[in-house]
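Here the structure comes first, spelled out in structure tokens, and everything after it is commentary.
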Amino acid sequence: MGANEQADSPTISREEILEDHRHVRASLEDLEKHIGQETADEGPWRDHLKGLLSDFEERLKKHFKFEEEGGLFEQLKEEAPRLANRVDKIFADHPAILAQLQKLSGGLSTGPSGMSMSVLIEETSKLITHVREHEAEENDIMMGALWDDVGGRG
Ligand SMILES: [Fe+2]
Numbered sequence: 005m006g007a008n009e010q011a012d013s014p015t016i017s018r019e020e021i022l023e024d025h026r027h028v029r030a031s032l033e034d035l036e037k038h039i040g041q042e043t044a045d046e047g048p049w050r051d052h053l054k055g056l057l058s059d060f061e062e063r064l065k066k067h068f069k070f071e072e073e074g075g076l077f078e079q080l081k082e083e084a085p086r087l088a089n090r091v092d093k094i095f096a097d098h099p100a101i102l103a104q105l106q107k108l109s110g111g112l113s114t115g116p117s118g119m120s121m122s123v124l125i126e127e128t129s130k131l132i133t134h135v136r137e138h139e140a141e142e143n144d145i146m147m148g149a150l151w152d153d154v155g156g157r158g
């Protein structure tokens, strides 16, 4: 143990975050499948995308809150200060991801922010890549901290 023992114990575990990541991945796969499907019927296609995005937004909001308020990443920062910058970056990325998602949902409107089907596909694909990279970075941070636990800190 280091000298810093003032951190509150996390209310969530790595396993719980990893389990939640599996749900996020399942949502990403649903989105990916939908944009990969050929369709001649744009109306229902857009409606379905709208539903998927709204479910995904709800899931992500809960997931981010879970990570931000669960204390695990805060504890990692204290225990492994070399990871602190990376934790700060992923937390700052949460609102950026939600903003990207909201812009995309706005793209489904028929108003001025509306997007064509090909742009929707492109933007959804960008969002999927962004979230995948984000989650991979989180997993990597948790694995790095785990490595410290196993190998001893010094
Ligand atoms: Fe995450």
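Just so we're aligned: the sequence shown equals residues 5 to 158 in this note's numbering. Every residue gets a Cβ at the ideal spot worked out from N, C-alpha and C, and that includes glycine.
Count the other CB atoms within 10 Å of the CB of residue i; is the residue buried (16 or more) or exposed (fewer)?
i	result
L135	Before going on, a small fix: residue 135 reads as Val here, not Leu. By the 10 Å Cβ count, V135 comes out buried.
S122	exposed
H27	exposed
A149	buried
E139	buried
T43	exposed
K81	buried
S13	exposed
A84	buried
L87	buried
L22	exposed
R50	buried
For the putative contact between residue i and residue j, defined by C-beta atoms under 8 Å, what is the C-beta separation to the nearest angstrom?
i	j	result
S120	G110	Not confirmed; about 14 Å, so no contact.
I16	L76	6 Å
I125	L35	About 10 Å separates the two Cβ atoms, so there is no contact after all.
F68	H98	4 Å
Q39	S129	Correcting the residue type first, residue 39 is Ile in the shown sequence and not Gln. Contact holds; Cβ gap of about 6 Å.
Classify residue i as helix, strand or coil using the three-state DSSP reduction.
i	result
L87	helix
A44	coil
L147	What sits at residue 147 in the sequence shown is Met, not Leu. Correct three-state label for M147: helix.
G158	Low local confidence applies: a pLDDT of 45 at G158 is under 50, so the model's placement there is unreliable, and no value is given.
I16	coil
T114	coil
S58	helix
M119	coil
Closer than 6 Å between the C-beta and any heavy atom of ligand 3: which residues qualify, listed along the chain?
What this structure holds is ligand 1, not ligand 3.
Can at least three beta-carbon pairs, one atom from the segment 50-64 and one from the segment 81-96, be found at a separation below 8 Å?
no
Taking one C-beta from the segment 40-58 and one from the segment 100-115 each time, how about it: are there three or more such pairs within less than 8 Å?
yes
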